[in-house]
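Notes to accompany the following structure.
What follows is the structure in structure tokens.
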């Protein structure tokens, strides 16, 4: 308890970096031995961490728009999360390299022949990343400027970027999900798909940020402002995202089930029976029902420890969800867990955490010139 | 998400209640509209127009019952005409009221206090208008109770796989909870009116309605608990009702209806048109009754922003529908979109796009949000757009589905128009009666707001 947050963060950073390098090296060997299997596992791991980065990016803009006091405590973590997006560009390279192995060839005629052909696919990927990296950079830069100068013009700029920014986020993550995941199964399409990805990203990021807040709240200066009321807010946000995820996922399921059309229904047929069916049930229980009941309880949401427990579970379930969405495209008959399925998220995650913590450590943990700052000190 | 209390946030936000008010001034100003100011000429004029439209509705319905639904423009293949368009439109409008009164209560957003009463009233009247249409559309509306699963001797049982049956439950639950919530919220104010009323009749009527409210601490405690519970019940209904309405379409496999994004898209569209209606009502009301102190520019600005946000969810859904129609590679889906854009109803489609997507982008500009005339016009524009959206969804898909030999055009008849405009008359008749006989702003919640503002003086 006598540690300062700086030493704690740097300790976590060193360990993450160590784990990241070692596990990534082992995964690289796996890629050498079994390239296709590696790519399949890697896609899940990549999307898992992309979700965290993009979710931080989206919640950061959301709190600039809503201006609630809950945003102040986690703002720095969100900014650091968004600033990992350039790293995601690097992580995307293996997928580009294995593109032809991973994705089925696009049809030769019709809309998909144009939309999914390689140059257009690549061009769009470049575009999504360029937009994300640029916007995340601006959000961080103006925040730095605000810290340095205290000029209110920067808060105004941040707010002004966030409105259109959220719209751009929604559209880009949707098309990224269509390009990189939906296209794995050529026949399938669903108009709600992008929204499910948006909410999954926000949920995963919020779970991650809640755990970070729990760690940081043990030390000054965050211990002064991260009150039980704040954790209650984060619990409520998690609850909202859990409900939204369940609502959107169930809507998609009910409509496709009732329609029972040959284009759409195979997607659920492979995911609802056998081993995948067990995982689907597991998702219903642990990605919705149980967290829902727990998050309704004030004693849980008001205690940072208990809430962090729920958040960690949701964080892991985020990976299970992606595994259930992505993997049946390769193995519709049932799940076959490979060691690489488990290793790749740790490999990428270690490196991701190292970059994240590097950014977080560089700046004061509270944005000093945030207009909410005095308010929070005065009333909480 | 975070409560924005008055006073507390005065440094960053404008007040939700103009400064200088006391318990007395708030009570006087709001109750005077009902008790002492009398019936204004403008009120009479507006009420007369509303009543005239209502009479037209009665006439149209009488003829409908006498002759049958054949007087409408519906046919085979377009069996769902104006009746369903109007149903979806009205029920959508109601949603903003519930969102303001229930969801924002749970979120402890205090700006809701001054708009929630008339927004809830709007909800109930809109649901009344909405509920009427499926019954009229049934052809034999006197048999409506067949929709309920009751033990009968006809071996008749509703088809529970049909979302139309889900609608019966969703809408009737929604109506019940909305009325309860509204009435419970009214009780303390009805007691205020009872105590201030000067004539015997008013005292007795408000007295009966206030159900023996004496304002004791115990009463208030129970009142608060009941409000929270009802808010907790009503909040999921905001989402569930329009989700079920969207299932009316998506469960069918009609191109343009069977689309997975419909549930969130319909809910967002409902809130979009609902807030437009709240603004349409609030802008003239606050001006005519001088309520600018209670319904401040801050409220207008916030509601305009919510409209803009929900409008973008609707826009996103249009983009997804269009994209997926091509991406799916399904010829029927592709044809459906092309038919909407360039088919016989293309004009309606492009007006809808202009009214729902293009023109409302003016709301990004602060000046537009704070100019009451432009905001009023934009709200009308959105409501038109949302009505046309339902028209486009229903009519274009039904008129041209899979087999060209079964295509057919739909043209509304004068009876369709009379019923539609008449329902607006019904809505406004009820609304005019409401603002004349009941406090349109919650007096006790405004007192609470005064208390909070005084406790933490504005910085």
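Residue numbers (this note's numbering), protein chains in the order written: chain Z, 1 to 380; chain G, 381 to 839. C-beta: ideal position from N, C-alpha, C; glycine also.
Check your understanding: Where do the N-terminal and C-terminal ends of the alpha helix (DSSP H) with residue 247 of chain Z fall, by residue?
Key -> 228 to 259
Check your understanding: Touch check for the segment 45 to 59 of chain Z and the segment 202 to 211 of chain Z: three-plus C-beta pairs under 8 Å?
Key -> yes
**Study point:** Length of the line joining the Cα atoms of residue 39 of chain Z and residue 339 of chain Z
**Key:** 13 Å
Practice item. Could you tell me the distance, in whole angstroms, from the CA atom of residue 560 of chain G to the CA atom of residue 613 of chain G? Key: 11 Å
Exercise for review: Please list the partners that residue 640 of chain G has in chain Z, where partner means a Cβ-to-Cβ separation under 8 Å.
Suggested key: 190, 191, 192, 193, 251, 252, 255 and 256
Practice item. Identify the contact partners of residue 655 of chain G in chain Z, using a Cβ-Cβ distance below 8 Å as the criterion. Key: Correct list: empty, because the minimum Cβ distance to chain Z is about 17 Å.
Exercise for review: Determine the chain G residues that contact residue 263 of chain Z at a beta-carbon separation under 9 Å, and present them in chain order.
Suggested key: 708, 709 and 710
Review point. What number of angstroms, rounded off, separates the C-alpha of residue 873 of chain G from the C-alpha of residue 740 of chain G?
Key: The structure shown has nothing for residue 873 of chain G, since chain G only spans 381 to 839.
Practice item. Residues of the segment 87 to 110 of chain Z with a CB closer than 7 Å to any CB of chain G: list them in chain order, please. Key: 110
**Study point:** Reduced DSSP category for residue 67 of chain Z - H, G, I as helix; E, B as strand; rest coil
**Key:** If DSSP states are grouped into helix, strand and coil, residue 67 of chain Z belongs with coil.
Exercise for review: Mind listing the chain G neighbours of residue 167 of chain Z? Cutoff is C-beta to C-beta under 7 Å, in chain order.
Suggested key: 692
Review point. Near residue 472 of chain G, what residues of its chain come up, given a Cβ to Cβ distance below 7 Å and the 5 sequence neighbours on each side ignored?
Key: 622, 649, 650, 653, 654 and 766.
Review point. With a cut-off of 8 Å, do at least 3 Cβ pairs link the segment 793 to 808 of chain G to the segment 507 to 522 of chain G?
Key: yes
Point to revise | DSSP state of residue 418 of chain G mapped onto helix, strand, coil | key: Three-state result, residue 418 of chain G: coil.
**Study point:** Presumed contact (8 Å Cβ cut-off) between residue 335 of chain Z and residue 276 of chain Z, rounded CB distance
**Key:** 6 Å
**Study point:** DSSP-derived helix/strand/coil call for residue 321 of chain Z
**Key:** Residue 321 of chain Z: helix per DSSP, three-state reduction.
Check your understanding: residue 391 of chain G: buried (16+ other C-beta within 10 angstroms of its C-beta) or exposed?
Key -> Legend: pLDDT at residue 391 of chain G = 39, less than 50; position of this residue unreliable, value from coordinates given subsequently. So residue 391 of chain G ends up on the exposed side.
Exercise for review: Using a cut-off of 8 Å between C-beta atoms, extract the partners of residue 676 of chain G located in chain Z.
Suggested key: Going along chain Z, no residue has its Cβ under 8 Å from residue 676 of chain G, so there is no contact; the nearest lies around 18 Å.
Check your understanding: Any contact of the segment 5 to 12 of chain Z with the segment 69 to 77 of chain Z, i.e. 3+ C-beta pairs under 8 Å?
Key -> With the cut-off at 8 Å, the segment 5 to 12 of chain Z and the segment 69 to 77 of chain Z do not touch.
Exercise for review: Taking residue 480 of chain G as part of the alpha helix (DSSP H), name the residues at either end of that continuous run.
Suggested key: Segment: none, residue 480 of chain G is in no alpha helix (DSSP H) and carries neither H nor E.
Check your understanding: In whole angstroms, what separates the C-alpha of residue 401 of chain G from that of residue 599 of chain G?
Key -> Cα-Cα distance, rounded: 25 Å.
Review point. Does residue 115 of chain Z come within less than 8 Å of chain G when only Cβ atoms are used?
Key: Residue contact check for residue 115 of chain Z against chain G: a CB pair falls below 8 Å.
Practice item. Look at residue 682 of chain G and residue 397 of chain G and say whether their C-beta atoms are less than 8 Å apart. Key: no
Check your understanding: Can residue 422 of chain Z and residue 58 of chain Z be called in contact, C-beta distance under 8 Å?
Key -> This structure cannot settle anything about residue 422 of chain Z, because the visible part of chain Z is limited to 1 through 380.
Exercise for review: Since I believe residue 132 of chain Z is in contact with residue 172 of chain Z (beta carbons under 8 Å), could you give me their beta-carbon distance rounded to a whole number of angstroms?
Suggested key: The beta carbons of residue 172 of chain Z and residue 132 of chain Z sit about 7 Å from each other, so the pair counts as a contact at 8 Å.
Review point. Is there at least one Cβ from chain Z nearer than 8 Å to residue 382 of chain G's Cβ?
Key: Since pLDDT at residue 382 of chain G reaches only 40, below the 50 mark, its modelled position is unreliable, and no value is offered.
Check your understanding: How would you write the range of the alpha helix (DSSP H) that residue 10 of chain Z sits in, first residue to last?
Key -> Counting along the chain, the unbroken alpha helix (DSSP H) around residue 10 of chain Z starts and ends at 5 to 33.
Check your understanding: Given a threshold of 16 other Cβ atoms within 10 Å of its Cβ, counted over all protein chains shown, does residue 1 of chain Z qualify as buried or as exposed?
Key -> A caution first: residue 1 of chain Z carries a pLDDT of 49, below 50, which makes its placement in the model unreliable, though a value can still be read off. Residue 1 of chain Z is exposed by the Cβ-count criterion.
Practice item. Consider the Cβ of residue 247 of chain Z: report whether some Cβ of chain G lies at a distance smaller than 8 Å. Key: yes
Check your understanding: What residue does the alpha helix (DSSP H) around residue 697 of chain G start on, and which one ends it?
Key -> 677 to 707
Point to revise | Endpoints, alpha helix (DSSP H) assigned at residue 112 of chain Z | key: 111 to 115
Point to revise | As assigned by DSSP and simplified to three states, the class of residue 170 of chain Z | key: helix
**Study point:** residue 839 of chain G burial status per 10 Å Cβ neighbour count (16 or more: buried)
**Key:** Here the model assigns residue 839 of chain G a pLDDT of 37, short of 50, so the residue's position is not dependable, and the following value carries that caveat. Answer is exposed; the Cβ neighbour count stays below 16.
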